[in-house]
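What follows is a single structure, written as structure tokens, with notes after it.
2 protein chains.
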Amino acid sequence: MGLTLKEIAKELNVSPTTVSKALQNYSDISEITKEKIKNYARKVGYQPNKQAAYLRTRKTKLIGLIIPNIENYFFFKVLKGMLQEANKNEYQLIICNSNESEDLEKKLVDDLINQKVDGIFISLAKDTINFDHLNKVLNSESSLILFDRTSRLVNCSKVVIDDEKMGFIATQNLIDKGCKKIGNLRGTLIPQNSIDRFSGYRNALEKNNFKFDTNLVAISKKSTVKDGYKLTKELFKKELELDGLVCFSDPLAIGAVKFCKENGIGIPSEIRVSGFGNIESASVITPPITSIDQEAFEMGVKTMELFLKEQLDLKQKINVSFKTIILKTKLIERESTA
Amino acid sequence: MGLTLKEIAKELNVSPTTVSKALQNYSDISEITKEKIKNYARKVGYQPNKQAAYLRTRKTKLIGLIIPNIENYFFFKVLKGMLQEANKNEYQLIICNSNESEDLEKKLVDDLINQKVDGIFISLAKDTINFDHLNKVLNSESSLILFDRTSRLVNCSKVVIDDEKMGFIATQNLIDKGCKKIGNLRGTLIPQNSIDRFSGYRNALEKNNFKFDTNLVAISKKSTVKDGYKLTKELFKKELELDGLVCFSDPLAIGAVKFCKENGIGIPSEIRVSGFGNIESASVITPPITSIDQEAFEMGVKTMELFLKEQLDLKQKINVSFKTIILKTKLIERESTA
DNA sequence: CTGAAAGCGCTTACAG
DNA sequence: CTGAAAGCGCTTACAG
Numbered sequence: 001m002g003l004t005l006k007e008i009a010k011e012l013n014v015s016p017t018t019v020s021k022a023l024q025n026y027s028d029i030s031e032i033t034k035e036k037i038k039n040y041a042r043k044v045g046y047q048p049n050k051q052a053a054y055l056r057t058r059k060t061k062l063i064g065l066i067i068p069n070i071e072n073y074f075f076f077k078v079l080k081g082m083l084q085e086a087n088k089n090e091y092q093l094i095i096c097n098s099n100e101s102e103d104l105e106k107k108l109v110d111d112l113i114n115q116k117v118d119g120i121f122i123s124l125a126k127d128t129i130n131f132d133h134l135n136k137v138l139n140s141e142s143s144l145i146l147f148d149r150t151s152r153l154v155n156c157s158k159v160v161i162d163d164e165k166m167g168f169i170a171t172q173n174l175i176d177k178g179c180k181k182i183g184n185l186r187g188t189l190i191p192q193n194s195i196d197r198f199s200g201y202r203n204a205l206e207k208n209n210f211k212f213d214t215n216l217v218a219i220s221k222k223s224t225v226k227d228g229y230k231l232t233k234e235l236f237k238k239e240l241e242l243d244g245l246v247c248f249s250d251p252l253a254i255g256a257v258k259f260c261k262e263n264g265i266g267i268p269s270e271i272r273v274s275g276f277g278n279i280e281s282a283s284v285i286t287p288p289i290t291s292i293d294q295e296a297f298e299m300g301v302k303t304m305e306l307f308l309k310e311q312l313d314l315k316q317k318i319n320v321s322f323k324t325i326i327l328k329t330k331l332i333e334r335e336s337t338a
Numbered sequence: 001m002g003l004t005l006k007e008i009a010k011e012l013n014v015s016p017t018t019v020s021k022a023l024q025n026y027s028d029i030s031e032i033t034k035e036k037i038k039n040y041a042r043k044v045g046y047q048p049n050k051q052a053a054y055l056r057t058r059k060t061k062l063i064g065l066i067i068p069n070i071e072n073y074f075f076f077k078v079l080k081g082m083l084q085e086a087n088k089n090e091y092q093l094i095i096c097n098s099n100e101s102e103d104l105e106k107k108l109v110d111d112l113i114n115q116k117v118d119g120i121f122i123s124l125a126k127d128t129i130n131f132d133h134l135n136k137v138l139n140s141e142s143s144l145i146l147f148d149r150t151s152r153l154v155n156c157s158k159v160v161i162d163d164e165k166m167g168f169i170a171t172q173n174l175i176d177k178g179c180k181k182i183g184n185l186r187g188t189l190i191p192q193n194s195i196d197r198f199s200g201y202r203n204a205l206e207k208n209n210f211k212f213d214t215n216l217v218a219i220s221k222k223s224t225v226k227d228g229y230k231l232t233k234e235l236f237k238k239e240l241e242l243d244g245l246v247c248f249s250d251p252l253a254i255g256a257v258k259f260c261k262e263n264g265i266g267i268p269s270e271i272r273v274s275g276f277g278n279i280e281s282a283s284v285i286t287p288p289i290t291s292i293d294q295e296a297f298e299m300g301v302k303t304m305e306l307f308l309k310e311q312l313d314l315k316q317k318i319n320v321s322f323k324t325i326i327l328k329t330k331l332i333e334r335e336s337t338a
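Each protein sequence line maps, in turn, to chains A and B. Note that this note's numbering gives residue 276 to position 276 of the first sequence, counting from 1, and the numbers run on in steps of one. Note that this note's numbering gives residue 12 to position 12 of the second sequence, counting from 1, and the numbers run on in steps of one.
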């Protein structure tokens, strides 16, 4: 197991140097020798030992990926996109789950830096407020790319969704349908995407001369079906004549729909409900829930592309310039807002 | 970036050998020296370079995982279990998607062997019928563990679900509820778990003196909602007085429910439908679908445990003996079979 | 066009 | 109890 350069060299009566160069297509090796070596290497299925090569090249062809919540379907679609591109370019992906914990996120970053991965992709945990570990990556040999849950305070390449616009569109849609009192089940106060979606909601109200009322807003910590149910119940207790509800995740919207169904509140006749993320369950529940589709797969692809570009710049000793890619989103209309 | 042993040795006026041994707690280093070295290493945050260490230890602390379908929620729960245990034991996980392709599966195995991962966990692609690549793993330095979709033809450790029993239970439940003509939307003919679940269906019929009728069985290639819809439609066209349907995946069951709802066929009044896998959508749809819960998280944990045990045996030069762990399953009763 | 030599950062058998 | 030396498998600057 594990043929070495030396063995091949011996077999072919050339030096290890020549074998190494031939396999890397160096221009100072004769075509005839290259052919001979390449053919033999192919025949015996030789693959250079990556760990040994790293010691010289400083490249592992490994990427570290930190996802905040491994149960979130959205991230799998992102992962699928990344994996497709990684495969094409001979990279392998180490997957990590920060479990929404800042501390664990920091430890995982340390482990990945220590593994000398060529790049680290992170979607931040909900409660990450200190960014020392991200700056550590920026000072390491690994490229850093943030996706989906990012921070304005870190200067690196990013792939995000236009969350403000999305919050706006979801809210505007309810207004267009005739809703007068639109509530909002929003996410926590920290991550940028939660902030932005909420801004979108406010901005839509403002633009349509609706009064913004904090009583209509509830904050969900976990963004679960349970949370959605509970918060909707609380909103209805206030008797505010709610006739629209913008939920900033599909699980929250499903919880809201469940509460309404159990309490005989008609959807969309009495209240229109809109979700976000376009997970499968949103289309399967009765009534199907209007949602906003994020191009998750595309997000994965773009993240990899940004990374590959940075690697190329690095190789050519060009100064890497950080970019932010903003992805499109699409309102998927269903019965819950008909 | 990247402090080395040598630098630490120089700083502390000892040899690199001593530093290496102290950090590994060798017994032939004095306590006082160990203390000094460990403290310093901790202070400066020294971590040995894994790639360089590999060259001597032949261990990468890396595990390769091949999943056949990255969009399947089941595998994410498995992954979550694996990740939890991996983290505890300082392993990192390289994730790969075979996309149900035997060819890609073979390539990924090659890549992982080449990466010198300590272990490879695979859930086989649906159409994998040749096992040369698995035998290659068995002859390599990496341990092989199959989970969920395995094969009797490969001799290695495995973690599986008692699929036969599960098929049996789902079918028996419908019989107990009074169904007389029970159909079956089954999976493809190859993977072991599809074969076994189908056997469970047949065995339950037999045990209850029901006549087995191939007309009542439809084979789904993709196990999707669409497939479920289409196949259910076809079954109903045959006018066999179907009053029960055992589906060997939740998406299939959801498709079946959709067809029935759209065509005014009452569930469970006219037909009872049972799924498998207990995905979220199964509980969210109206009516909620009875399903069988697989202990996915547990499967991930057990797979890791089996692997860790093998590593330990290897280290102690004990002959590794392959084990098969069979996990429990549980029928989750819901309205669709009430 | 080819190859000897140094070195990446570690571990471990061996000597003292 | 400590350390010099060899070697893991590669790449690349340098010499010829």
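We treat Cβ as the ideally placed atom computed from N, Cα and C, and that holds for glycine.
Runs of the alpha helix (DSSP H) lying entirely within the region 40-112 of chain B, each at least 4 residues long, are 50-57, 73-88 in chain order. In the DSSP assignment, I219(B) falls within the unbroken beta strand (DSSP E) covering 217-219. Residues of chain B whose Cβ lies closer than 7 Å to the Cβ of E280(A) are, in chain order, S281. Proximity of Q294(A) to chain B, defined by a Cβ-Cβ separation below 8 Å, is not satisfied. In chain order, S15, P16, V19 place their CB closer than 6 Å to the CB of A9(B), counting only its own chain and leaving out the 5 sequence neighbours on each side. Each residue's CA atom was taken as its position, placing T33(B) and A22(B) some 7 Å apart.
In this structure, Q24(B) is the residue among Q24(B), I265(B), A253(B) with its C-alpha nearest to the C-alpha of Q47(B). Chain order gives the chain B residues near N97(A) as L79, K80, L83, Q84, N87, where near means a beta carbon separation below 9 Å. Under a 10 Å Cβ-count criterion, F212(B) is classified as exposed, with fewer than 16 other Cβ atoms of the shown protein chains found around its own Cβ.
G244(B) carries a strand assignment under DSSP once its states are collapsed to helix, strand and coil.
Among the CB atoms of chain A, one or more fall inside 8 Å of the CB of N114(B). As the crow flies, the alpha-carbon of I254(B) is around 41 Å from that of K61(B). With respect to L216(B), L240(B) sits close: the two C-beta atoms are nearer than 8 Å. With its beta carbon less than 8 Å from one in chain A, V284(B) belongs to the interface. In the three-state reduction of the DSSP assignment, Q316(B) falls in the coil class, being assigned neither a helical nor a strand state.
One Cα belongs to I63(A), the other to V301(A), and the distance between them is close to 14 Å.
Contiguous beta strand (DSSP E) elements confined to the region 180-240 of chain B occur at 182-186, 217-219, taking only those with 3 or more residues. Taking the beta carbon of A52(A) as reference, the chain B residues within 7 Å of it are L55, listed in sequence order. Within chain A, no C-beta atom comes less than 7 Å from the C-beta of L252(B); the nearest is roughly 13 Å away. Counting C-beta pairs closer than 8 Å gives fewer than three between the region 220-238 of chain A and the region 160-170 of chain A, which falls short of the contact rule. Put simply, the CB of D111(B) is near chain A, with a gap under 8 Å to one of its CB atoms. Assigned with DSSP and collapsed to three states, V273(A) falls in strand. Within 10 angstroms of the beta-carbon of Y201(A) lie 16 or more other beta-carbons, which makes it buried. Across the set P268(A), E234(A), I332(A), the C-alpha of P268(A) shows the shortest separation from the C-alpha of G244(A). About 15 Å separates the beta carbon of G228(A) from that of R197(A), a gap too long to meet the 8 Å contact definition. In terms of Cα proximity to G277(B), the closest of N89(B), I122(B), F76(B), I66(B) is F76(B).
Using a Cβ-Cβ cut-off of 8 Å, E71(A) counts as an interface residue toward chain B, since at least one Cβ of chain B sits closer than that to its own.
For D132(B), the secondary structure class from DSSP, reduced to helix, strand or coil, is helix. Assigned with DSSP and collapsed to three states, F297(A) falls in helix. Annotation: the continuous alpha helix (DSSP H) that includes T17(A) extends over 16-23. At a cut-off of 8 Å, the C-beta of L134(B) has no neighbouring C-beta in chain A. Three or more pairs of CB atoms, one per stretch, sit closer than 8 Å, so the region 288-296 of chain B contacts the region 69-84 of chain B.
K238(B) and D127(B) have their C-alpha atoms spaced approximately 29 Å apart.
Those residues of the region 309-323 of chain B placed with their C-beta closer than 8 Å to a C-beta in chain A do not exist.
Interface residue (Cβ-Cβ distance to chain B less than 8 Å): I37(A) is not classified as such. Residue ranges of uninterrupted beta strand (DSSP E) with 3 or more members, entirely inside the region 132-182 of chain A and ordered along the chain, are 143-147, 157-161.
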